[in-house]
Amino acid sequence: MKKGGIIGLLIAIGLLSFIVFYASKNGGSTLKQQLHNFAIEDTASITKVAMNDKNGNSLVLERISSDEWSVKSEGQDFKARQDVVRNLLKTIKELTVRAPVSKSRFEYTVKQIAANSTKVAIYQNEENSPAKVYYVGGANGDNTGTFMLLEKSSVPFLMHIEGHYGFIQSRYSPRINDWRDNAIWYFPGEKITKIKNLKVEYPQEPSKSFEITKVSNDEYTLKDGEGNLVSVPNMGGIYEYIKRYRAISYEGFEENRTKAYCDSLIAQTPVKTIYTLKDDKGNITQVKSYLKPAKEDAEDWEGNAIPYDLERMYATINNDQFVIIQYFVFDPLTVSLQEFSPPS
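Here the working numbering runs 413 ahead of the position in the sequence shown, where the first position is 1.
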């Protein structure tokens with residue numbers, strides 16, 4: 414072969430080798446990106462998130478509007494806590510790889526995710542098929558990351574959020590109680606004027622009971638527990654009292670007791686206070702409070718037994734939801750008729 418032909422052949426082989434190398438490198442990079450591409454940049458396009466775990470917990474978060482979501486599970490449908498949803502969307506957007514899983518822990522991590530993880534399916538633009546599905550496992554030894562695995566992948570990664578120290582699996586909770594909006598009454602700003610009627614009853618001390626009814630924007634009537642009008646009430650005190658209902662929430666749920674225990678307690682414990690609010694659309698919300706038994710070994714500083722919790726009470730909302738409320742929140746609402754006596 415002539416010298417020029419040999420040189421041309423070598424050049425051709427070199428070019429072919431470069432092309433193969435580049436294609437392989439580029440393809441490998443794309444594959445690796447697909448393996449850990451958990452994040453979704455455009456969270457405004459997310460319309461639904463479904464989550465379920467190995468313990469039978471499952472729920473679906475659905476977008477109602479730009480800043481309002483609902484949470485559904487087993488036929489139940491509630492308004493979702495918007496702050497918790499925002500935290501989830503922020504997590505979905507900012508997920509990054511902290512480190513690949515080491516060879517020594519690879520098989521163990523895969524098995525752990527298979528046995529104990531939360532499956533997350535994220536839907537965009539109201540599509541019927543999820544845009545992304547992945548599994549959220551447990552945290553690493555020092556709680557600086559969470560093991561996660563994309564669907565149709567066999568390669569797990571340790572994921573985290575830049576600037577956040579700690580694990581993130583709790584943000585993917587499939588338990589409906591972690592997402593339910595805990596607001597009982599919410600009348601921000603001028604919406605406080607939507608309160609039409611307030612009734613506070615003390616079954617064990619009826620002389621303290623009262624009812625406030627809105628007649629016009631600047632006028633309210635006051636009645637005692639027997640329905641008698643109170644003449645010349647303290648309007649300033651009434652205005653101030655109504656404002657206390659701007660934002661009232663319950664703390665949480667009694668998850669350490671059975672439903673039978675809760676039902677029995679309601680049946681056997683006298684109602685402490687009944688708060689009933691009616692808005693200008695006729696919607697009525699009623700809260701009944703009950704003393705909450707303290708822990709069996711609860712004592713004061715002098716060693717005397719404390720029969721009831723000093724910080725929390727039980728309550729029912731519309732005779733349905735059984736929740737825990739705080740004295741700190743409800744004490745400002747728990748006033749007597751005498752609170753509205755004319756100023757001397």
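Cβ coordinates follow ideal geometry from the N, Cα and C atoms, glycine included.
Taking the beta strand (DSSP E) that residue i belongs to, which residues open and close that run?
i	result
TYR599	596-599
TYR615	That residue, TYR615, is in no beta strand (DSSP E); it is neither H nor E in DSSP.
LYS503	Segment 495-507 is the alpha helix (DSSP H) holding LYS503; no beta strand (DSSP E) there.
To the nearest angstrom, how far is the alpha carbon of residue i from that of residue j?
i	j	result
PHE666	TRP592	12 Å
LEU555	PHE580	A quick correction: the sequence has Asp, not Leu, at residue 555. Distance between the alpha carbons of ASP555 and PHE580 is about 9 Å.
GLU724	ILE459	40 Å
ALA452	GLU507	6 Å
ASP608	SER478	At residue 608 the sequence reads Ile, which differs from the Asp that was named. Roughly 25 Å between the two C-alpha positions.
SER662	THR557	32 Å
ASP676	ASN468	25 Å
THR509	PHE570	10 Å
PHE431	GLY551	Its pLDDT being 37, under 50, PHE431 is placed unreliably in this model, and the coordinates cannot settle the point.
ASN529	ASP466	7 Å
ASN470	SER542	21 Å
THR698	VAL568	51 Å
ASP496	SER486	19 Å
LYS621	PHE743	16 Å
ALA711	TYR740	18 Å
Specify the secondary structure class of residue i as computed by DSSP and reduced to three states.
i	result
GLY440	Its pLDDT being 42, under 50, GLY440 is placed unreliably in this model, and the value from its coordinates should be taken loosely. In this structure, GLY440 counts as helix in the three-state DSSP scheme.
SER458	helix
ILE697	strand
PHE434	For PHE434, the predicted structure reports a pLDDT of 37, less than 50, and the residue's modelled location is therefore unreliable. A value from the coordinates is still provided. Here PHE434 sits in helix by DSSP.
ASP692	strand
GLY649	helix
ASP587	The amino acid at residue 587 is misidentified as Asp; the sequence shows Pro. Of the three classes helix, strand and coil, the one that applies to PRO587 here is coil, per DSSP.
GLU639	coil
THR634	strand
GLU724	strand
Run through the DSSP bridge pairs and tell me what residue i is partnered with.
i	result
GLY665	ILE737
VAL628	Beta-bridge pairing links VAL628 to no other residue.
At which residues does the alpha helix (DSSP H) containing residue i begin and terminate?
i	result
PHE519	516-528
ASP555	Per DSSP, ASP555 belongs to no alpha helix (DSSP H) and is neither H nor E.
With a threshold of 8 Å between beta carbons, is residue i in contact with chain D?
i	result
GLU618	Of the protein chains in the structure, only one exists, and it is not chain D.
Meets three-Cβ-pair contact criterion under 8 Å: the region 655-675 and the region 616-624: Counting Cβ pairs under 8 Å, fewer than three are found: no touch.
Meets three-Cβ-pair contact criterion under 8 Å: the region 695-704 and the region 675-686: yes
Any 3 or more C-beta pairs closer than 8 Å across the region 625-633 and the region 556-566: no
The region 511-526 touching the region 593-607, judged by at least three CB pairs closer than 8 Å: Between the region 511-526 and the region 593-607 there are fewer than three C-beta pairs closer than 8 Å, too few to call the two in contact.
Touching by the beta-carbon criterion (3+ pairs, under 8 Å), the region 713-722 and the region 631-640: no
The region 725-738 in contact with the region 637-653 per 3-pair CB rule at 8 Å: no
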